[in-house]
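Q:
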Amino acid sequence: MLLLPAPKNRKREILLLYGSHSSLERMFTLAEELNIYGRVTMPDWPGFGGMDPFFKVGKKPTFDNMADYLAAFIKLRYKRKRLTIIGMSYGLAVATRMLQKYPDLARKVDFAVSIVGFTHREDFRMSKSTLFVMRATGLLLRGRVTSKIARLFINGPSVEATYTLLANRNQKMIGADKAERDRRIAFEKILWRVNDLRTYFYTGYTFLTVDLCNQPGSQKVDVPMYHVAVTGDQFFNNHVVEQHLAIIYSSVNVTTIDIGAHMPTIIATSKQVAPFIPTKIRRLLAQKI
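According to our numbering, the sequence shown is numbered sequentially starting from 347.
Laid out in structure tokens, this is it:
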């Protein structure tokens with residue numbers, strides 16, 4: 347868990363939730379940027395960032411189990427305090443499921459911010475063939491034995507070779523000179539080593555098949571939602587994402603930023619992550635509570 351104490355006279359409690367294939371180190375500069383407005387807490391997900399996976403205690407990293415974990419974390423860390431949730435990509439999906447399952451915790455949330463978040467499998471704008479291959483891969487490699495076999499092939503040299511070969515097409519590498527590309531590849535090698543591979547494929551399959559709009563017994567989440575969309579997002583159909591958020595949340599306000607990428611690059615600088623917190627969101631975070 348990362349904890350950045352609040353600056354003087356800032357009382358806002360900000361819970362930052364990163365997405366899939368990430369870590370505290372990758373999102374540290376974003377946490378620093380948010381720290382201007384209050385205390386920032388960012389936990390690792392089970393199976394990511396070097397944390398033990400759910401499989402170690404006989405559970406699977408389903409949306410419900412991740413949501414239960416997040417609810418327990420909030421009850422432990424915040425007790426009677428109110429908080430603001432900022433979820434990135436997969437992190438927003440888990441937060442949404444948690445708010446659906448625990449309306450008592452939803453009442454503690456001032457508002458939620460989605461940074462390129464999603465809630466439904468139809469939010470993805472990739473071709474049907476690409477989605478089919480990705481779902482099939484996730485389904486195949488989420489098993490105990492198959493994920494161990496995959497680990498034999500997904501290692502430092504193979505990760506470096508893949509990103510080097512696809513440097514001109516991969517969003518994480520485009521525009522980087524050799525020194526910067528080498529730095530990003532070095533960090534990718536760390537991510538692929540510390541993140542549990544079985545969890546990666548299991549959660550990948552779950553979010554490519556998820557539908558949080560039609561959960562049995564779930565009512566509308568009475569939390570204001572502020573969604574940050576990216577014009578150059580290579581993964582999501584922004585209009586469809588907004589429609590699904592409107593089904594789930596009591597109110598949805600969308601801000602679109604033009605930065606040409608789904609997420610910040612590996613170990614992004616403060617200048618690179620700053621646009622992900624647009625002026626409208628900054629004004630909300632700056633409000634006195």
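Each residue gets a CB set at the ideal place from its N, CA and C atoms; glycine is no exception. Here the structure is a predicted model, which is why all the values come from computation and not from measurement.
Could you check how far apart the C-beta atoms of Phe622 and Val574 are, in whole angstroms? I think they sit under 8 Å.
A: That pair is a contact at about 6 Å.
Q: Can you list, in chain order, the stretches of the beta strand (DSSP E) that have 3 or more residues and sit fully within the region 531-594?
A: If we require 3 residues or more, the beta strand (DSSP E) runs fully inside the region 531-594 come out as 567-576.
Q: Hey, quick one: how far does the beta strand (DSSP E) through Asp604 stretch, first residue to last?
A: Premise fails: Asp604 is in no beta strand (DSSP E) and is neither H nor E.
Q: Answer yes or no: do Leu380 and Ile420 have a C-beta to C-beta separation smaller than 7 Å?
A: Contact flag unset, no.
Q: Hey, Val576 and Tyr595 are a contact pair by Cβ (cut 8 Å); roughly how many whole angstroms apart?
A: The pair is not a contact, with the Cβ atoms about 19 Å apart (cut-off 8 Å).
Q: Considering only the alpha carbon of each residue, which of Lys402, Leu438 and Arg530 lies closest to Phe409?
A: Among Lys402, Leu438 and Arg530, the Cα nearest to that of Phe409 belongs to Leu438.
Q: Please state the DSSP three-state secondary structure of Ile420.
A: In this structure, Ile420 counts as helix in the three-state DSSP scheme.
Q: Here's a check: name, in chain order, each residue in its chain whose Cβ is nearer than 8 Å to the Cβ of Phe470, leaving out the five neighbours to either side.
A: These residues qualify, in order along the chain: Phe464, Leu477, Leu554, Phe581, Phe582 and Asn583.
Q: Tell whether a beta-carbon distance below 7 Å holds between Arg645 and Ile635.
A: Missing from the structure shown is residue 645; the chain here goes from 347 to 635 and no further.
Q: Which full runs of the alpha helix (DSSP H) of 4+ residues lie inside the region 397-449, going along the chain?
A: Runs of the alpha helix (DSSP H) inside the region 397-449: 409-424 and 436-447.
Q: Determine the DSSP secondary structure at Leu350, reduced to helix, strand or coil.
A: It is a strand residue.
Q: Verify whether the separation of the beta carbon atoms of Ile603 and Pro624 is less than 7 Å.
A: Closer than 7 Å, so yes.
Q: Sort Lys617, Val556, Leu537 and Trp391 by Cα distance to Met347 and report the nearest one.
A: Nearest C-alpha to Met347: Trp391.
Q: Along the beta strand (DSSP E) that carries Phe464, what are the first and last residues, could you check?
A: No beta strand (DSSP E) holds Phe464; DSSP gives it neither H nor E.
Q: Could you spell out the range, first to last residue, of the alpha helix (DSSP H) harbouring Leu376?
A: First-last of the alpha helix (DSSP H) with Leu376: Phe374 to Leu380.
Q: Using only the alpha-carbon positions, how far apart do Gly365 and Arg481 sit?
A: The straight-line gap from Cα to Cα measures roughly 18 Å.
Q: Among the candidates Ile500, Thr508 and Thr510, whose CA atom is the shortest distance from the CA of Phe547?
A: Considering only alpha carbons, the answer is Ile500.
Q: Leaving aside the five residues before and after His608 along the sequence, list all residues of the same chain whose C-beta is less than 7 Å from its C-beta, in chain order.
A: Only weak support exists for where His608 lies, its pLDDT of 49 falling under 50; the value from the coordinates is given anyway. Excluding positions up to five away in sequence, the list reads Val462, Gln517, Val576, Asp579, Gln580 and Phe581.
Q: Kindly provide the ranges of any beta strand (DSSP E) runs that are 3 or more residues long and lie completely inside the region 486-518, ordered along the chain.
A: Qualifying beta strand (DSSP E) stretches: none in this window.
Q: Can you list, in chain order, the residues of its chain whose CB lies under 8 Å from that of Ala427, leaving out five sequence neighbours each side?
A: Before going further, note that residue 427 is Lys rather than Ala in the sequence given. Counting only Cβ-Cβ distances below 8 Å, and skipping sequence neighbours, we find Glu359 and Lys454.
Q: Hey, quick one: how far does the beta strand (DSSP E) through Thr625 stretch, first residue to last?
A: Taken as a continuous stretch (DSSP letters only), Thr625 belongs to no beta strand (DSSP E), being part of the alpha helix (DSSP H) at Thr625 to Ala632.
Q: Can you tell me whether DSSP reads Gly384 as helix, strand or coil?
A: Gly384 falls in the strand class under three-state DSSP.
Q: Nearer than 6 Å: is that true of the beta carbon of Arg529 relative to any heavy atom of the ligand SAH?
A: This structure lacks the ligand SAH; in fact it carries no ligand of any kind.
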